[in-house]
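Input: a single structure, listed below in structure tokens.
Chains as they are written, first to last, in our numbering: chain A, 3 to 219; chain B, 12 to 263.
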């Protein structure tokens, strides 16, 4: 009787042990698969982000080529390109901070238009310099769940290298920010906008007045 | 210059440094290393900034235009090389203080090599690259706080830590070059200012075209300064993480 009981217990223990082994095996294979899948999906995301920047640079070079004989580029084409690649909504929110929520819809639209015109002006200002540059991708990396950084460099005729970092939204690969030699365009614009908004207690119409005053200068 | 006067000047620099360090410590918050820029003297800073803008408009910018138009590019390059070379002893000392062996070796080799031309000609044509580091960077390495933002007459934007570093750097760099280039010393500061103004004219024009040039310059300066310090990876990661957090919040 005792022997039978012992045998039964031994058998059940063995079964139990086999079940644990199976469970560990299944969990491990699930983890490995998940890791492999994650890596492939990360690699895919990084590749897509790189392609997005390549495409942006190609479009930019085409734009520069088409407008090299004029000081000002084709404004409509510029707006199309900006809307295609840039996450304007994010840029507007990021550069106006806490004041964004208080702004009226009209002011929000006006502010986004101001950002577009600022980008166009800055590209037009550098049309000549952009004519003779080449672009080279260096690395890409996923940061957190929502951000992808694409690093690269542009070289001019005299082989002067300028380091760039594009920060993209992992969901749609839209451009959130650009760092040129470690200077973030969003940070710079934010500092300027917030200083003016703070001075005028968050009044966007006064901000636009100051902007147009400085343009007239 | 007699010995007493030299001693007095050194004492003056030393006192200035002590005051600056005390200022850094007293005005810094507990953890402002990765926070927004601290600008408690904004009102006064803006006044000095206006003064500097006027100085730039009526003195520096015209001088820089004449410099650019009258001197051949190669001569300007020579002047640039000289101003770089003359500041290298500061980098050598601070690389040592920060135990940055590679930077110390590279800057020393380059300094010795180019001393054959008094720094006017870069004999290795920019092949040897090292990071320029000053005493402000050394203070950062040893966890001195950044201190408040200042605009110094003629010099422009500085953090208190950077400004204290400048004072030390200026004395050490000049001491290192006592005999060879003493006759050039009196031209050093104005030439350096004009050379830098010419080099960065695009950026300065960009800043001046802003509706708030003061805020723009402060942002450019702080970003550039913080990201170019040879500090720990931990500090750099903190900066990046803080920015990423902000971005992620906005993307929610």
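For glycine and all other residues, C-beta sits at the position ideal for the given N, C-alpha and C.
Distance, Cα to Cα, residue i vs residue j?
i: residue 262(B); j: residue 148(A); result: 8 Å
i: residue 183(A); j: residue 235(B); result: 8 Å
i: residue 12(A); j: residue 22(A); result: 15 Å
i: residue 247(B); j: residue 138(A); result: 25 Å
i: residue 87(B); j: residue 81(B); result: 10 Å
i: residue 145(A); j: residue 129(B); result: 47 Å
i: residue 158(B); j: residue 175(B); result: 10 Å
i: residue 32(A); j: residue 46(A); result: 21 Å
i: residue 213(A); j: residue 218(B); result: 13 Å
i: residue 140(B); j: residue 149(B); result: 19 Å
i: residue 162(B); j: residue 170(B); result: 8 Å
i: residue 165(A); j: residue 16(B); result: 47 Å
i: residue 227(B); j: residue 122(B); result: 35 Å
i: residue 34(A); j: residue 26(A); result: 12 Å
i: residue 102(A); j: residue 222(B); result: 19 Å
i: residue 146(B); j: residue 101(B); result: 8 Å
i: residue 203(B); j: residue 91(B); result: 8 Å
i: residue 124(B); j: residue 199(A); result: 52 Å
i: residue 179(B); j: residue 173(B); result: 10 Å
i: residue 130(A); j: residue 62(A); result: 13 Å
i: residue 29(A); j: residue 256(B); result: 32 Å
i: residue 49(B); j: residue 160(B); result: 6 Å
i: residue 157(A); j: residue 138(B); result: 16 Å
i: residue 231(A); j: residue 90(A); result: Given a span of 3 to 219 for chain A in the structure shown, any question on residue 231(A) remains unanswerable.
i: residue 181(A); j: residue 64(B); result: 26 Å
i: residue 117(A); j: residue 201(A); result: 20 Å
Identify the contact partners of residue i in chain A, using a Cβ-Cβ distance below 7 Å as the criterion.
i: residue 199(B); result: The contacting residues do not exist; residue 199(B) stays about 26 Å from chain A at best.
i: residue 57(B); result: Per Cβ cutoff of 7 Å: no residues; residue 57(B) is ~10 Å from chain A at best.
i: residue 223(B); result: 194, 197 and 198
i: residue 238(B); result: 184
i: residue 255(B); result: 145, 146 and 149
Please check if any C-beta of chain C sits within less than 8 Å of the C-beta of residue i.
i: residue 119(A); result: The displayed structure is made up of protein chains A and B, and chain C is not among them.
Let me check you understand the geometry: is the CB of residue i closer than 7 Å to at least one non-hydrogen atom of the ligand MG?
i: residue 85(B); result: Here there are no bound small molecules, and the ligand MG is not part of this structure.
Write down the C-beta distance between residue i and residue j rounded to the nearest angstrom, noting that I regard them as a contact closer than 8 Å.
i: residue 178(A); j: residue 169(A); result: 5 Å
i: residue 109(B); j: residue 144(B); result: 7 Å
i: residue 106(B); j: residue 205(B); result: Actually they do not touch by this definition, with Cβ atoms about 28 Å apart.
i: residue 48(A); j: residue 135(A); result: About 24 Å; that fails the 8 Å criterion.
i: residue 98(A); j: residue 195(A); result: 5 Å
i: residue 168(B); j: residue 229(B); result: 6 Å
i: residue 216(A); j: residue 220(B); result: 7 Å
i: residue 176(A); j: residue 87(A); result: 7 Å
Chain B partners of residue i, CB-CB under 7 Å?
i: residue 38(A); result: Here the premise fails: no neighbours, minimum Cβ distance about 26 Å.
i: residue 96(A); result: 261
i: residue 178(A); result: 258
i: residue 171(A); result: 262
What would DSSP say about residue i, mapped onto helix, strand or coil?
i: residue 254(B); result: helix
i: residue 153(A); result: strand
i: residue 102(B); result: helix
i: residue 109(A); result: helix
i: residue 185(A); result: strand
i: residue 160(B); result: strand
i: residue 221(B); result: coil
i: residue 201(A); result: helix
i: residue 171(A); result: strand
i: residue 163(A); result: strand
i: residue 39(B); result: Reliability of the predicted coordinates at residue 39(B) is poor, the pLDDT of 49 falling under 50, and no value is obtained from them.
i: residue 144(A); result: strand
i: residue 130(B); result: coil
i: residue 49(B); result: coil
i: residue 171(B); result: helix
i: residue 126(A); result: helix
i: residue 137(A); result: strand
i: residue 240(B); result: coil
Name, please, each residue of chain B whose Cβ falls closer than 8 Å to the Cβ of residue i.
i: residue 129(A); result: Those do not exist, as residue 129(A) stays about 13 Å from chain B at its closest Cβ, beyond 8 Å.
i: residue 212(A); result: 222 and 223
What in chain A is Cβ-close to residue i, meaning under 8 Å?
i: residue 231(B); result: 185 and 190
i: residue 151(B); result: In chain order: nothing, as chain A lies at least about 16 Å away.
i: residue 227(B); result: 190, 193 and 194
Which bits of chain B does residue i rub up against, with CB to CB less than 9 Å?
i: residue 216(A); result: 220, 221, 222, 223 and 224
i: residue 92(A); result: 258, 261 and 262
Just the chain A side, please: which residues come within less than 9 Å of residue i by C-beta, in chain order?
i: residue 235(B); result: 183, 184 and 185
Under 7 Å (Cβ pairs) to chain B, residues found in the stretch 181–198 of chain A: Those would be 184, 185, 186, 189, 190, 193, 194, 197 and 198, in chain order.
Cβ-based contacts, 7 Å cut-off: residues of the stretch 126–153 of chain A near chain B: Answer in chain order: 145, 146, 148 and 149.
The stretch 48–79 of chain A: positions lying closer than 7 Å to chain B by Cβ: Cβ contacts with chain B come from no residue of the stretch 48–79 of chain A.
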